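Have a look at the structure below before the remarks.
In my numbering, the protein residues as written are 266 to 1152.
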């Protein structure tokens, strides 16, 4: 599965009009850059005064730059990547190159200090509890490096915090309209003001719609669009000078069409190392010594290219795959299977939906020499994904998909979250201060899926009778001399049968009707306590120490797919209609029975439950030296941990207990640990007109959580495992220069050098040795297996170089007195990076440029903005998995 980057492929022009513009939350003196106030350390501080790498974007910065969605924030930070993968809920937030291949996201997501970080079950992704459209955001803070003590359970590599707007002191209203080509527009409005002398309110609403920028070549429909709405209400009450209460409720309802994703055909061969061959004592079938090779289900469809003079169907030493650079978007064709439930050749699958309700209460009380805070958050989200997964449809009569394999996703997920944190931050006038807190965090996730994988081509096919349906009369495809249909040619004879196939679409509905719903439950209970200490040794030298104690329990419940009679797990939704499971007996017809591969029905009524607990402490210490009033140096050392858990993604392949031993050893993985050393500098020059920050960091991993494919009792599944070691060296540079009173330049550069230092895994698969290129044959469990070694390989999705800059102008307009003219040009560059840790597929280097300009007064603003000015169609994100053999 490969994702085509959603982009403005021409020059979309959007206008924004507001009847009243609010004052930005920044303060600027007469000559210098405005002071940026952040709450990174749970109190208001100047960004230049804190010994942490932080980037902050104000509401005005985002509006003037045309930032309309959360993923566009990454355009203004060279160390931040924000990708959308498999579905709308599959968000990938990456800080400093730490890409979560699978497992919990590496970066925390917070709104007003409340942790809403989550993890999906069926796909690799992060939180779906946030509105992807910016709604009522005052400021975004990107905090880099481990921040476990202050930002909680998910701040492994850093955190992104969204600070919402407070009610205004005076009654004001705002209205905005964005419009662009391809049916894109957004309406948003707000109303805010006081309620007496001690309270205030803010109401916000947003509606968006877009028509999509791509077409599905099979149906001819526009795809990639959607529509949605969001509303939010904030009430802030300050009964006296020593207490305040901010209550907020937010609701979002979004629908996303199927994404413009394309399958990339195989373009090369990965050869299994000779050590793994059966000719040399290994386990991989090799026709050089095996004679007629065994027919393996995963490769049946490759027989189209078999040699007629060879009695073997194939051997397993060569593995086709995608090797090298991912093609550009304009070189790919979107070929998505139509929704078979709506009839042959009709509409596309619905896509994704997301409905989120969040409530929060932040209370502050002045208690003694400090502030006591309570942060309460409740969220409930329902999401669904209904889409084609294989992306290999072939156009036939009446828009029918005539491909001989299909893979569909039908997932419904409910997520409920509760977060409660108590925190006390001291405000002593002396040399010592501290922060003390505790957190309870609970998440309950239920996923119901009805996915299908269907293959209807291969050798050893039975006679298949297709019942009357959209085609009448019924017809038969016979392996013994049957006529090919839909232009699919027969294959030369193999053994006693010919190659035969028929369109999977003809029986997809029938198979779907027989597929039961698979339910997976995951409950997470987290509790933690933290302490942070600051002590000034001298007027210019201070030390900082913090630590968080964490105790977290994860419970999962999943179907038992182990079949004792077959001594294997049978999966939950896979059907090989033709191939080694078929019989060469004429006259056998297709009947409405649970096909082989759907599991033993009796086992589904007795699901398995497993539990895991992890307890650990994550410390951090630092030193800050104020060399002068304008220059500060800092050093820190920190430990970050992600707890272990269960690979819920593997349930679709072989369930929770593939070998039937009553233990979750096939799907369980261990905690991941990282130690980080960082040295940084922050400096202000030219009388406050130039700000320069930089940092060097070294990140050393132990037991990095990675994704591997594993074969257990004949079933292939993707699970999370642990690599023993990896490391990243990195440098960050950030500059902000007020060139004149009207011109401003800002930019950033990030250099990363990441590799696995110790990554050895045992595998019984033939694909892993082929892709990795090595195999050390060892004995495990009484059989020969490969120990494959990726030590020295680059970390996945980690670019060596990234930079971004913005050149902006703002000054009096010549059109009319009292008007301002503003304009900006921004660009982002990322160098090439490997898509996976096999280091075979490469995402090419790319750059994106945006332009915007407009007019503004105190009451309104008009802007024209252009995204992707130079129409760059480089693919910026791609994903992979067990591919369909026909691709």
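Heads up, the beta-carbon is just placed ideally off N, CA and C, and yes, glycines get one too. Remember, predicted model here, so these are calculated numbers, not experimental data.
>> Rounded to whole angstroms, what is the Cα-Cα separation between residue 490 and residue 651?
In response: 15 Å
>> Using C-beta distances below 8 Å, list every residue in its chain close to residue 507, excluding the 5 sequence neighbours before and after it, in chain order.
In response: 630, 631
>> Could you compute how far the alpha carbon of residue 492 sits from the alpha carbon of residue 523?
In response: 12 Å
> Starting from residue 415 and walking both ways along the alpha helix (DSSP H), at which residues does that stretch end?
Replying inline: 413-416
> Is it a yes or a no for the region 687-707 touching the region 796-804, going by three-plus beta-carbon pairs under 8 Å?
Replying inline: yes
> Given residue 1033, which residues of its chain have a CB within under 6 Å of its CB, disregarding the five upstream and five downstream residues?
Replying inline: 1053
>> For residue 479 and residue 525, what's the separation of their Cα atoms in angstroms?
In response: 6 Å
> If you count every other CB in all the chains shown that lies within 10 Å of the CB of residue 787, and 16 or more means buried, which is it?
Replying inline: buried
> By Cβ distance below 7 Å, which residues in the same chain neighbour residue 805 in space, the five residues on each side in sequence not counted?
Replying inline: 890, 891
> How many Å lie between residue 316 and residue 451 at the Cα?
Replying inline: 39 Å
> Would residue 1040 pass as a contact of residue 538 if the rule is Cβ separation under 7 Å?
Replying inline: yes
>> Could you tell me which whole alpha helix (DSSP H) segments of length 4 or greater appear in the region 1063-1150?
In response: none
> Which residue comes first and which comes last in the beta strand (DSSP E) that contains residue 475?
Replying inline: 464-475
> Should residue 435 be labelled buried (16 or more other beta-carbon atoms within 10 Å of its own) or exposed?
Replying inline: exposed
> When we look at the beta-carbon of residue 471 and count the other beta-carbons within 10 Å, is it buried (16 or more) or exposed?
Replying inline: buried
> Roughly how many whole angstroms lie between the Cα atoms of residue 674 and residue 618?
Replying inline: 13 Å
> What are the start and end residues of the alpha helix (DSSP H) that includes residue 1034?
Replying inline: 1032-1037
> What number of angstroms, rounded off, separates the C-alpha of residue 707 from the C-alpha of residue 816?
Replying inline: 12 Å
> For residue 318, which of 820, 454, 1000, 912 has the nearest alpha-carbon?
Replying inline: 1000
> Taking buried to mean at least 16 other C-beta atoms within 10 Å of its own C-beta, is residue 808 buried or exposed?
Replying inline: exposed
> Quick one: what does DSSP say residue 996 is sitting in, helix, strand or coil?
Replying inline: strand
>> Can you tell me whether residue 634 is buried or exposed? The criterion is at least 16 other CB atoms within 10 Å of its CB, across all chains shown.
In response: exposed
>> Determine whether the beta carbon atoms of residue 872 and residue 819 lie at a separation below 7 Å.
In response: no
> Quick check: the region 658-672 against the region 414-432, are there 3 or more CB pairs under 8 Å?
Replying inline: no
> Is DSSP giving residue 548 helix, strand or coil here?
Replying inline: coil
> So, helix, strand or coil for residue 714, using DSSP?
Replying inline: strand
> Just reading off the beta strand (DSSP E) that residue 652 is part of, what are its end residues?
Replying inline: 635-653
> Is residue 433 buried or exposed, if buried means 16 or more other CB atoms sit within 10 Å of its CB?
Replying inline: buried
>> Helix, strand or coil, according to DSSP, for residue 426 in the structure here?
In response: strand
> So which of 1142, 1051, 1132, 1128 has the shortest CA-CA distance to residue 545?
Replying inline: 1051
> If we count the other Cβ atoms within 10 Å of its Cβ and call it buried at 16 or more, is residue 1155 buried or exposed?
Replying inline: Shown here, the chain extends from 266 to 1152; a query on residue 1155 therefore has no answer.
>> Which of the three DSSP states is assigned to residue 727 in this structure?
In response: Only weak support is given to the placement of residue 727: the predicted model assigns it a pLDDT of 32, under 50, and the question is left unresolved by the model.
>> Taking DSSP's pairing of strands, which residues face residue 964 in a bridge?
In response: 941, 993
>> By alpha-carbon positions, which one of 893, 907, 894, 903 ends up nearest to residue 881?
In response: 907
>> Excluding the 5 residues flanking residue 1065 on each side, which residues of the same chain have their C-beta closer than 7 Å to its C-beta?
In response: 1016, 1017, 1018, 1096
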